[in-house]
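J.: Got a structure for you, written out below as structure tokens; questions coming shortly.
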Amino acid sequence: MFEFTLSPEPTKAQISGGVYDVVIIGAGAAGLTTAIYTARDGLKTLILERESAGGLAATTEMIENYPGFPDGINGAELLERFRRQAERFGAEIIEFDEVVKVNPIKVGEIEVHTEGGQVYTGKTVVVATGSRPKKLNVPGEKEFYGRGVSYCATCDGPFFKDKNVVIIGAGNSGLQEGLQVLEYAKHVTFLEFLPYTRAERILQERVKNHPKSTLLFNQQVTAIQGDKTVTGVVAVDRETKAEHVYPADGVFIYVGYSPYSAFVADLVETNKWGYIITDEKMRTKVPGLYAIGDVRADNPAQLSVSVGDGAKAALAIRDFILELQG
Amino acid sequence: MALLNDEIVRNVTEMLAGLTNNVRLVVFTTKNGCEYCKEIVQLAQEVAATSPKLTAEVYDFDTARDKAAAYNITMAPAMVIVGARDYGLRYYGIPSGHEFSTLLYGIQRASEGKPDLDPQTLSFLNGLTQPVNIQVFVTPTCPYCPRAAILAYDMAVASDKVIADVVESMEFPELANRFNVMGVPLSVINANSRVEGAAPPYMIVDAIKAALA
Ligand SMILES: Cc1cc2nc3c(=O)[nH]c(=O)nc-3n(C[C@H](O)[C@H](O)[C@H](O)COP(=O)(O)OP(=O)(O)OC[C@H]3O[C@@H](n4cnc5c(N)ncnc54)[C@H](O)[C@@H]3O)c2cc1C
């Protein structure tokens, strides 16, 4: 019944230093996939990660649409396997240090600066930083963060056993995480802004058929109420204009994601939401700088797509390095 | 049946091969409603078996009062990670899931006796004159939590004044309730100032200043 996940910070001695063939920023599905390929190819590969390896997919309990796992697989476990596979081929991973700046010196030399004050140099650099949950920006959201408001049901869901929970946002993530919470919560109310949901049919069916859930559309959340901790969510029905307070001990917000791209915004092209634009080989306009996974423009935020991006970047990098060597 | 599978054992063995000083895992169990005490002892023993520099000791919190008092342990189950000396690294509950990393990092740091912190944070910690207790509330399923826990452990290694208690919230519901913990990680300093989320060192430093003011 217990799982043990190993994501220790390597001691400095395990990091070989010097110039890397590839420095990957972000140890999610995309970055780890590139590392598996490049390290296996004999390229000296470093991954820098601000948290622990795994990325967003590691924050979900059950992944059912990743090929090869007919019974589904726990997100943390799957990504742990990615990490081990990358390390097996010699990729070095540094966790808990955030990249704050990328500085192209010349073709074949790009510096990467971290919050911890380290500077790493790569012949190529891959931005695989994914995205972070969007805020709702309503009164109460900030005040009650950690006091009932959360963006990670896998992390904080267990606090709401036999309690009332509201999930804001009924897209794939909201429904999927809500179904998890339904396993132990007293009741889960899903509030969706749109008159419909774009979530997978199978998830919609499960939520609709669950005896302890309510799924409501056209709901504009205007505030999160509370005293010491959250007590309710205020929403206006966009059709009837009626206001209603939904009692809640816990509120999980799944209203979309925004890309982690600010630290390279001055270097690369982005679309109006800040997602990085690349060509089909994952190249940005800076030679040797690539972007993959959820941080890339027009990507549908799926694990298998991030994995595909990761592989494509690795193959492009191989060619780039061969060319450098002339 | 072993808690750690062969593969994890292999990885842990490799990771802990570089330990410098001996490390003792001092475990306190209790008969008072401890759901996982058996597993915690087993885990400490299995981890200890991966390195000749590691040992596990088990005490009954309810009877070995002196021992508990010596380490300032006021609730159980608890694990104290003791290196060349007791730096103040404690884990309350079972370090499973992502928290297994916290345990291993704690072992590495206690063995080395050197924190991995920036110079500003270190100089602040070196100047501390009053005791600081950092309680980090976590859950095993939280991937962001080891970051907060590890930072607290580093601070404890850096300063004699700092004790870092990492608390598995589900196993200590009363304590979690007392601080209205409904999201993790949450760092509580001297029971009066708090930082939500996996915060950078300067935010914890500010919270320590606020708690001591
Ligand atoms: C709740 C939930 C459920 C999901 N379920 C499914 C599913 O069932 N099937 C599916 O296919 N997909 C699912 N997804 C989507 C899937 O998780 C993503 O598509 C995938 O994680 C994207 O991988 P990535 O590597 O591009 O980015 P991420 O996984 O976001 O990884 C990026 C990494 O970069 C790190 N990082 C960011 N900035 C920096 C920086 N400056 N310096 C260093 N590191 C940095 C981040 O900490 C993170 O670890 C789900 C997502 C969520 C949130």
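Chains A and B, in that order, give the protein sequences.
Its first residue numbered 383, the first sequence is counted upward by one per residue in my numbering.
Its first residue numbered 345, the second sequence is counted upward by one per residue in my numbering.
For glycine and all other residues, C-beta sits at the position ideal for the given N, C-alpha and C.
These numbers come from a predicted model, not from an experiment.
(1) Between the C-alpha atoms of B:Thr-373 and B:Met-423, what's the straight-line distance to the nearest angstrom?
(2) So with CB distances below 7 angstroms, who are the chain B contacts of A:Glu-385?
(3) From the DSSP output, in three-state form, read off A:Pro-390 for me.
(4) Just to confirm, does A:Arg-432 get its C-beta within under 7 angstroms of one of the non-hydrogen atoms of ligand 1?
(5) Which same chain residues end up closer than 7 angstroms to A:Glu-480 when comparing Cβ atoms and leaving out the 5 residues on each side of it in sequence?
(6) Assuming A:Leu-685 contacts A:Ile-445 (C-beta within less than 8 angstroms), just tell me the rounded distance between them.
(7) Would you say B:Glu-540 faces chain A, with C-beta separation under 8 angstroms as the test?
(8) I need the boundaries of the alpha helix (DSSP H) containing B:Pro-517, first residue and last residue.
(9) Using the Cβ count rule (16 or more neighbours within 10 Å means buried), how would you classify B:Lys-382?
(10) Which residue's Cα is closest to the Cα of B:Val-402: B:Thr-394, B:Gln-464, B:Gly-427, B:Val-370?
(11) Check the Cβ of B:Met-345 against every Cβ in chain A and list those closer than 8 angstroms, keeping chain order.
(12) Report whether the distance from the Cβ of A:Gly-413 to the nearest heavy atom of ligand 1 is below 7 angstroms.
(13) With A:Gly-555 as the anchor, note down where its alpha helix (DSSP H) starts and where it stops.
(14) Is A:Val-582 helix, strand or coil when you go by DSSP?
(15) In angstroms with no decimal places, state the Cα-to-Cα distance between A:Val-404 and B:Ile-552.
(16) Is the CB of A:Arg-529 under 8 angstroms away from at least one CB in chain B?
(17) If you compare alpha carbons, which of B:Leu-447, B:Cys-378, B:Ala-393 is closest to B:Ala-508?
(18) Run through the DSSP bridge pairs and tell me what A:Asn-485 is partnered with.
(19) Under the three-state reduction of DSSP, which class applies to A:Val-520: helix, strand or coil?
(20) Is there a Cβ of chain A sitting closer than 8 angstroms to that of B:Asn-524, yes or no?
(21) Would you report the Cα separation of A:Arg-620 and A:Gln-602, rounded to the nearest angstrom?
(22) If the criterion is Cβ atoms closer than 8 angstroms, does the pair A:Gly-670 and A:Val-507 meet it?
(23) Is A:Leu-564 closer than 8 angstroms to A:Lys-594 when the C-beta atoms are compared?
(24) Taking DSSP as the reference, what is the three-state secondary structure of B:Met-423?
(25) Could you say if the region 453-471 of chain B and the region 492-504 of chain B meet the contact criterion of at least three C-beta pairs nearer than 8 angstroms?
(26) For B:Gln-452 and B:Gly-362, I'd like the C-alpha separation in whole angstroms.
(27) Within the present structure, is the beta-carbon of B:Ser-513 separated from the nearest heavy atom of ligand 1 by less than 7 angstroms?
(28) Looking at the structure shown, is A:Lys-667 part of a helix, part of a strand, or coil, going by DSSP?
(29) Using the C-alpha atoms, what's the distance from A:Ala-535 back to B:Lys-397?
(30) Would A:Leu-557 count as contacting chain B if we go by Cβ distances under 8 angstroms?
(31) Please find out if some non-hydrogen atom of ligand 1 comes closer than 7 angstroms to the beta-carbon of A:Ile-406.
T.: Taking the coordinates as given:
(1) By 1-based counting over the second sequence, the position of residue 373 of chain B is 29. By 1-based counting over the second sequence, the position of residue 423 of chain B is 79. Distance between the alpha carbons of B:Thr-373 and B:Met-423: 9 angstroms.
(2) Sequence index remark: in the first sequence, residue 385 of chain A carries index 3 (1-based). Simply Ser-440, Gly-441.
(3) Within the first sequence, numbered from 1, the residue matching residue 390 of chain A stands at position 8. Its pLDDT being 48, under 50, A:Pro-390 is placed unreliably by the model, and the measurement read from it follows with that caveat. Coil at A:Pro-390, not helix or strand.
(4) The residue given as residue 432 of chain A occupies position 50 in the first sequence. Under cutoff, so the answer is yes.
(5) Position 98 of the first sequence, counting from 1, holds the residue named residue 480 of chain A. The residues are Arg-432, Thr-496, Glu-497.
(6) Numbered from 1 along the first sequence, position 303 holds the residue referred to as residue 685 of chain A. Numbered from 1 along the first sequence, position 63 holds the residue referred to as residue 445 of chain A. About 7 angstroms; that satisfies the 8 angstroms criterion.
(7) In the second sequence, the residue the question calls residue 540 of chain B occupies position 196. Closer than 8 angstroms: yes.
(8) In the second sequence, residue 517 of chain B corresponds to position 173, counting from 1. 517-522 is the extent of the alpha helix (DSSP H) around B:Pro-517.
(9) Within the second sequence, residue 382 of chain B is the residue found at index 38, counting from 1. Counting Cβ neighbours within 10 Å, B:Lys-382 comes out exposed, since fewer than 16 surround it.
(10) For the purposes of this step, residue 402 of chain B is taken as the residue at position 58 of the second sequence. Minimum Cα distance to B:Val-402 is reached at B:Val-370.
(11) Residue numbering aside, residue 345 of chain B sits at position 1 when the second sequence is read from its first letter. The contacting residues do not exist; B:Met-345 stays about 11 angstroms from chain A at best.
(12) Residue numbering aside, residue 413 of chain A sits at position 31 when the first sequence is read from its first letter. Correct: A:Gly-413 has its Cβ closer than 7 angstroms to ligand 1.
(13) By one-based count along the first sequence, residue 555 of chain A stands at place 173. The residue asked about is misnamed: residue 555 of chain A is Ser in this sequence, not Gly. That run of the alpha helix (DSSP H) goes 554-564.
(14) For this step, residue 582 of chain A is matched to residue 200 along the first sequence. Note on identity: in this sequence residue 582 of chain A is Glu, with Val being the wrong assignment. It is coil, neither helix nor strand.
(15) The residue given as residue 404 of chain A occupies position 22 in the first sequence. The residue given as residue 552 of chain B occupies position 208 in the second sequence. For A:Val-404 and B:Ile-552, the distance between alpha carbons rounds to 39 angstroms.
(16) The residue you call residue 529 of chain A lines up with position 147 of the first sequence. Yes, because at least one Cβ of chain B sits closer than 8 angstroms to the Cβ of A:Arg-529.
(17) Along the second sequence, read from residue 1 onward, the residue named residue 508 of chain B stands at position 164. Nearest option by C-alpha distance: B:Leu-447.
(18) Numbered from 1 along the first sequence, position 103 holds the residue referred to as residue 485 of chain A. Per DSSP, A:Glu-493.
(19) Taking the first sequence and counting its residues from 1, one reaches residue 520 of chain A at position 138. Three-state DSSP puts A:Val-520 in coil, outside helix and strand.
(20) Numbered from its first residue, the second sequence carries residue 524 of chain B at position 180. It does: the Cβ of B:Asn-524 has a partner Cβ on chain A nearer than 8 angstroms.
(21) Residue numbering aside, residue 620 of chain A sits at position 238 when the first sequence is read from its first letter. Residue numbering aside, residue 602 of chain A sits at position 220 when the first sequence is read from its first letter. For A:Arg-620 and A:Gln-602, the distance between alpha carbons rounds to 6 angstroms.
(22) The sequence position of residue 670 of chain A within the first sequence is 288, counting from 1. The sequence position of residue 507 of chain A within the first sequence is 125, counting from 1. A contact, by the Cβ cut-off of 8 angstroms.
(23) Counting from one through the first sequence, the residue named residue 594 of chain A turns up at place 212. Counting from one through the first sequence, the residue named residue 564 of chain A turns up at place 182. Yes, these two residues count as a Cβ contact at 8 angstroms.
(24) In the second sequence, residue 423 of chain B corresponds to position 79, counting from 1. Note: B:Met-423 maps to strand in three-state DSSP.
(25) yes
(26) Position 108 of the second sequence, counting from 1, holds the residue named residue 452 of chain B. Position 18 of the second sequence, counting from 1, holds the residue named residue 362 of chain B. Their Cα atoms are separated by approximately 8 angstroms.
(27) Translated into the one-based positions of the second sequence, residue 513 of chain B becomes position 169. No, Cβ of B:Ser-513 sits at least 7 angstroms from all heavy atoms of ligand 1.
(28) Position 285 of the first sequence, counted from the start, is the residue given in the question as residue 667 of chain A. In the structure shown, A:Lys-667 sits in coil (DSSP, three-state: anything other than H, G, I, E or B).
(29) For the purposes of this step, residue 397 of chain B is taken as the residue at position 53 of the second sequence. For the purposes of this step, residue 535 of chain A is taken as the residue at position 153 of the first sequence. Using only the alpha carbons, I get a separation of about 39 angstroms.
(30) The sequence position of residue 557 of chain A within the first sequence is 175, counting from 1. Cβ-Cβ to chain B under 8 angstroms: no for A:Leu-557.
(31) For the purposes of this step, residue 406 of chain A is taken as residue 24 along the first sequence, with counting starting at 1. A:Ile-406 Cβ: outside cutoff for every heavy atom of ligand 1.
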